[in-house]
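In what follows, a structure is listed as structure tokens, so that the remarks can point back to it.
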Amino acid sequence: MNFKKILMVAAVSLGATSIALSASKNVTDAQVGYFKLTTMFLEDEDKCLEGNRLAPESVLEGAAFMDDCQNVSGQFWKIIPADGDYFKLTTMFLEGEGKCLEGNRLAPDSVLGGAAFMDTCQNVSGQLWKKIPVGDGYFRLTTMFLEAQNKCLEGNRLAPDSMLEGGAFMDDCQNVSGQLWRMEE
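In mature numbering (1 follows the signal peptide of the UniProt record, and there is no 0), the protein residues as written are -22 to -1, 1 to 163.
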């Protein structure tokens, strides 16, 4: 077999593998284009951000929250590019339903008291995220909606005595480990 044919066979094989992996929703396979999000605060406890269905019967009624890192589709995140430095975040779990993570204003009259949640993907500033690099592979996450107010997403411990019982929320950007995010492929 000549070199050209070997390259062609390899390219076809790799293409078929790539198509099979990207079409698969089995989270035990390699997840092409997906990643997990963890914080410096909870990475040693092996906790990852989980996108949740907004519903009364869901954990925290649907707030995004930090849970044990596991191969569940709600923990596999994907970036959807938007204008400029902004992007949207969706999960394998809710991507097919057109849901994106929304950063909310921390207030009693906000949805879920201000916890971040998965909502219908729209061109709204609360769903337009921006990474702010801080070094060593960590970054802060802010939204167009709350960027001017210097608010960043904070991953919280899931517990009754935690802020919003553990839902991720937007708080003043500060040098705290719960706001230092890292992507895990």
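Backbone N, C-alpha and C fix where the C-beta goes; we use that ideal spot for every residue, glycine too.
Bear in mind that the values here come from a model prediction, so they are computed numbers and not experimental data.
Opposing strand residues paired with residue i [DSSP bridges]
i      : result
Asp63  : Bridge partners of Asp63: none, in fact.
Met122 : None; Met122 has no bridge partner.
Met161 : Leu15
Cys26  : Asp45
Ala33  : DSSP lists no partner for Ala33.
Asp149 : Cys130
Met96  : Leu79
Gly113 : Tyr116
Presumed contact (8 Å Cβ cut-off) between residue i and residue j, rounded CB distance
i      : j      : result
Glu28  : Gln53  : 5 Å
Gly104 : Glu80  : 5 Å
Phe19  : Gly133 : 6 Å
Asp150 : Lys129 : 6 Å
Trp159 : Leu15  : 6 Å
Ser155 : Thr68  : With a Cβ gap of about 25 Å, Ser155 and Thr68 do not count as contacting.
Gly76  : Cys47  : So it is not a contact: roughly 25 Å between Cβ atoms.
Glu35  : Lys56  : Incorrect: roughly 25 Å between the Cβ atoms, too far for contact.
Cut-off 7 Å between Cβ atoms - residues of its own chain near residue i, not counting five sequence neighbours on either side
i      : result
Pro59  : Phe65
Val37  : Asn30, Phe43
Ile110 : Phe117, Arg118, Thr120
Asp63  : Lys108
Phe71  : Gly29, Ser51, Gly52
Ala126 : none
Phe123 : Gly81, Ser103, Gly104
Sequence-distant residues of its chain with Cβ nearer than 8 Å to residue i (five each side left out)
i     : result
Asn82 : Ser88, Val89, Leu90, Gly92, Ala93, Ala94, Phe95, Gly104, Phe147, Met148
Ala85 : Gly91, Gly92
Glu39 : Leu32, Ala33, Leu90
Cβ neighbours of residue i in the same chain (closer than 6 Å, five flanking residues each side left out)
i      : result
Gln157 : Arg118, Cys130, Glu132
Glu23  : none
Met161 : Phe13
Check: residue i C-beta below 7 Å from any heavy atom of the ligand PLP
i     : result
Ser88 : Inclusion of the ligand PLP in the displayed structure is not the case, the ligand content being empty and no account of it being possible.
Legend entry - Cβ contact (3+ pairs, closer than 8 Å) linking the segment 34 to 44 and the segment 128 to 146: Under the Cβ criterion (8 Å, minimum of three pairs), the segment 34 to 44 counts as touching the segment 128 to 146.
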